[in-house]
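Residue numbers (numbering that gives the first Met the number 0), protein chains in the order written: chain A, 0 to 264; chain B, 0 to 202. In this text, a Cβ means the ideal position worked out from N, Cα and C, and glycines have one as well.
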Amino acid sequence: MKISNREWAQLSAYLDGELSQRELIKLQNRMEEDPDLNAALEEIRYVKSVLTHTPLLSVPRNFKLTSAMVEVPHRRSQAWGYRLAAAALSFLFIGVVVLDIGSGVLKSGMLGAEAPRAEEVMLEAAADELEEPAVLAVEKAAEEEVAPAAEMEEVVKAPEKFDSGQEGDSVRMAEGETETILEETNRDYSGGEDAWEEESQELENGLSLDEEPMPTEADYYPEQEISRPVETLAIPWMRILEIALGLGAIGLWGAAWIKRQKNRK
Amino acid sequence: MNLKEQISKSLEGDLDAFNQIVLEYQSLVYNQAYRVIGEPDAAADATQEAFISAYKKLHTYRGGSFKSWLLRIVSNACYDEYRRRQRQPVVPLTPENDQGEDLESAPWLEDPAENPEEFAQRKELSNAIQTCLNRLELEFRAVVVLVDIQGMDYASAAAVVDSPLGTVKSRLSRARRSLQDCLRGFKELFPPSLRHVGEVASE
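In structure tokens, the structure reads:
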């Protein structure tokens, strides 16, 4: 038996008298030709007959209404006040948080504009590296220039080599300036060993001096010249406001929920 | 007092007038609910809810078939009750006493006018049909109960289940085909007049 769903539906409607005149004639013509359709119709007729004979059940009880069943329940407060307040606080909280974050971002952006940019710092560092050999070369040259003078100092420190009135013939100074210094040095030490000892004693005395005492606050901030930074009590009002609003919103939502649960009971 | 007067008085707040309607239609409503939901307790709850809802929405009745209008409310109440029961633990179909033991007979099936043998046959037939109906999906079950058990036409059934006429036609056809084999399994329970129906097809 190969009957389509549409044919089943038509047979079912035929049995219930729900087919249009045109559909009825068409189906009847087909049923005359196809015995399967007749058999299918009998199947449906059987099901319908059984269902039509379904016993009617007695009602288990009366379903009459009482006034208590149909009275309009007193409209309980659905905690609208709490909900409204909670919603308002929530919006305020979100607004304050957005304002806080926004101002922070703005501030950091401004600081970033003032501060040297990272790229610039890197470029400077690279330039320093490039300049370093040149600087070293200059320093080396300077050292070479100073070296004869240092040598000369050593010579000066050896008193036996500098007799009074005797010039340091062994010292070869190319620069006229160095020669002048040498002459002055020789003149200073012309006093011989006594002068040398005096100076050494002075140096020792100088070295043995106690370290300078730590500068006091008054040294850093002389009166009426520089005022010390004012220590303000930095209370994060924004944070306090955020916390207060957040806690308030949570509390009100909780209260609204509790009230709703109570109303349901 | 006819139905029209009962309705108008009910609209004025006369609960006694509405209770007369309840008494008149409670069997129809309960049977519809029971056949759709398949559980007596749930059907009773749905019936009560349907009548409460009908009383509150009586002003929406604009004439026409009161039975169709009422069954539409019942249909919605059945869907709601069915879904609610689906979310809760299943209540056993067989009636039980307080100790959870099966009762010999369900009080809602008892009819003092019939003898015990007839009652037993009627009960078996009722249970057999309900067993087969329970195998259908709720939407198909509702349509087949409305048309084949309540005897409604397609248009009224379509209005009750709030679906197009073609949908009702299709659902009814499929429901009947699904019920064929199941109902044949209970053939010996049916009255002799029904046992030979469709034998041409089965041979």
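Take Asp44 of chain B and list the residues in its own chain whose beta-carbon comes closer than 6 Å to its own, dropping the five residues that flank it on each side.
-> Glu80
In angstroms, rounded to a whole number, what distance separates the CA positions of Lys258 of chain A and Val35 of chain B?
-> 37 Å
Of the residues B:Glu117, B:Leu124, B:Leu171, B:Pro115, the one placed nearest Phe139 of chain B, counting alpha carbons only | B:Leu171
Is Met68 of chain A near Gln47 of chain B, with beta carbons less than 9 Å apart?
-> yes
Counting only runs that start and end within the stretch 56–98 of chain A, where is the alpha helix (DSSP H) found for 4 or more residues in a row?
-> 66–69
My understanding is that His58 of chain B touches Leu14 of chain B, with C-beta atoms under 8 Å, so please give their C-beta distance in whole angstroms.
-> The pair is not a contact, with the Cβ atoms about 15 Å apart (cut-off 8 Å).
Chain-ordered chain A contacts of Gln87 of chain B [CB-CB under 7 Å] | What Gln87 of chain B touches in chain A: nothing, since even the nearest Cβ is about 17 Å away.
Using CA coordinates, which residue listed in B:Ile128, B:Leu70, B:Ala76, B:Asn75 is at the minimum distance from Leu55 of chain A?
-> B:Ile128
Counting only the same chain and skipping the five closest in sequence on each side, list residues whose C-beta sits under 7 Å from that of Asp168 of chain A.
-> Legend: pLDDT at Asp168 of chain A = 49, less than 50; position of this residue unreliable, no value from coordinates given.
Find the nearest neighbour of Asn37 of chain A within the set A:Arg238, A:Ile2, A:Val95, A:Val104, judged by alpha-carbon distance.
-> A:Ile2
Does any C-beta atom of chain B lie closer than 9 Å to the C-beta of Met68 of chain A?
-> yes
May I have the straight-line CA-CA distance separating Leu18 of chain A from Met30 of chain A, to the nearest angstrom?
-> 14 Å
Look at the alpha carbon of Ser177 of chain B and the alpha carbon of Gly253 of chain A, and state the distance between them as a whole number of angstroms.
-> 52 Å
N- and C-terminal bounds of the alpha helix (DSSP H) containing Tyr60 of chain B = Tyr60 of chain B -> no alpha helix (DSSP H), and no H or E assigned at all.
When you check each C-beta in the stretch 33–61 of chain B against every C-beta of chain A, which residues fall closer than 9 Å?
-> Tyr33, Arg34, Pro39, Asp40, Ala42, Ala43, Thr46, Gln47, Ala49, Phe50, Ile51, Tyr54, Lys55
What residues of chain A sit near Val146 of chain B, judged by a beta carbon separation below 8 Å?
-> Asp15
Could one say the Cβ of Pro191 of chain B lies closer than 9 Å to chain A's Cβ atoms, at least one of them?
-> no
Taking all protein chains shown into account, do 16 or more other C-beta atoms lie within 10 angstroms of the C-beta of Glu42 of chain A, making it buried, or fewer, making it exposed?
-> buried
Through-space distance from Leu164 of chain B to Tyr153 of chain B, alpha-carbon basis = 7 Å
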